[in-house]
Structures are given as C-alpha cells and as structure tokens.
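Residue numbers (the numbering used here): 238 to 411.
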C-alpha cells in the first residue's frame, strides 16, 4: 500500500473503527507512525521501517501485538497508552543497541512481560500508571523510582549520575 510513496515521513490513522490490521513494512522511510482510536485494531506490523523514530498508538483498545520492532533500529519513542489488550512488546530485545528513550504503557492492563527493558540502556522515561507494571517489577530491571508528589516524579537508572525530573499526571519512571 505504501511502497510507492517514498516521500511519506508520517503515517497517521485516526478513528478507523473497523480497521483490524495495519502493515507498513513496505513504507520506505516514515519517521512517525501515529494511530489513534481504532477500536477494532488487533495487529500492527512495522518491520520494514528501519528509520522510524516514533510509534504512537493510542486508545486502540483491541490491539494485542505490535510486530516487527526488531527491524526498527532508530525507534526513540514508543507510546502504547490506552491499548488495554496489549499483552507483550516483542522484538526490542533482538538488538542490543536499542535507542528507545521514551516508553508509555499507561492503561495497558494486560501487559506483563517486561524482559525487553533490560536492553533499553538509554531509556529516560516510562509512563506506567493504570497498568499491571509495578514499581517493584521495574526495580528488577535496575530502575530506581522516587515518588516526590502525586504529579512530580524523580528517578534515575541505578548507576547514572544525573537525576531527571518530570511534572506529569501519570507515574513516570526515569
């Protein structure tokens, strides 16, 4: 579908309530994939998008999996907030030099497998509220969390010297 559109830098799909699958593997070089409020969406494949920097899939309550992440080596931001049926994030662990800096799994009620986090060495921010992901589980992956107030969170990866700061309404781990 996207193979003949070499100049596309952003793919945006909004409120397509009957859409079940999105496959952008033939898109040449999009930098962003944004999908919002596609309630029936179950599967997204991003395999051929090696230069993609941002994947932002929000409020797609039927989404169960995002495939092909092992090929997306430039990925810096992954937002899967509101994807209540998402069970796992796979493929990030396939390469050791992941550049993922921001992860948002807010309201990912069924997400339990966090093994990929051990390969996210430059991760700066994780939004985890309303999720089964707990601060205790994050500590297993060498993340320290300091809750300062209901809206401010300071934290850092153990061993880092810089303390990060965020003002946000969600639980943020840095």
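Backbone N, C-alpha and C define an ideal beta-carbon position, used for all residues, glycine too. Predicted model only: the values in this text are computed from it and were never measured.
Excluding the 5 residues flanking it on each side, residue 258 has same chain C-beta neighbours closer than 8 Å at 278, 279, 280, 281 and 282, in chain order. Note on geometry: alpha-carbon atoms of residue 298 and residue 244 lie some 30 Å from one another. In the DSSP assignment, residue 249 falls within the unbroken beta strand (DSSP E) covering 247–251. The beta carbons of residue 289 and residue 325 sit no closer together than 8 Å.
Sequence-distant Cβ neighbours of residue 308 in its own chain, meaning closer than 6 Å and more than five residues away, are 284 and 287.
The C-beta distance from residue 343 to residue 367 rounds to 6 Å, short enough to meet the 8 Å contact threshold. Beta-bridge analysis with DSSP links residue 315 to 292 and 340. Of all alpha-carbon atoms in 301, 303, 315 and 273, the one lying nearest the alpha-carbon of residue 295 is that of 273. For the 8 Å CB-CB criterion, residue 261 and residue 318 do not form a contact.
Cα atoms of residue 276 and residue 251: separation of roughly 10 Å, rounded to the nearest angstrom. Counting only the Cα atoms, residue 321 lies some 6 Å from residue 347. Linking residue 337 to residue 255 through their CA atoms gives a straight-line distance of about 30 Å. Here residue 253 has 275 as same chain residues with Cβ atoms under 7 Å from its own Cβ, once five neighbours each way along the sequence are excluded. Under the DSSP assignment, residue 356 falls outside any beta strand (DSSP E); it carries neither an H nor an E label. A distance of 8 Å or more separates the beta carbons of residue 246 and residue 270.
Sorting 350, 360 and 263 by C-alpha distance to the C-alpha of residue 301 places 350 at the top.
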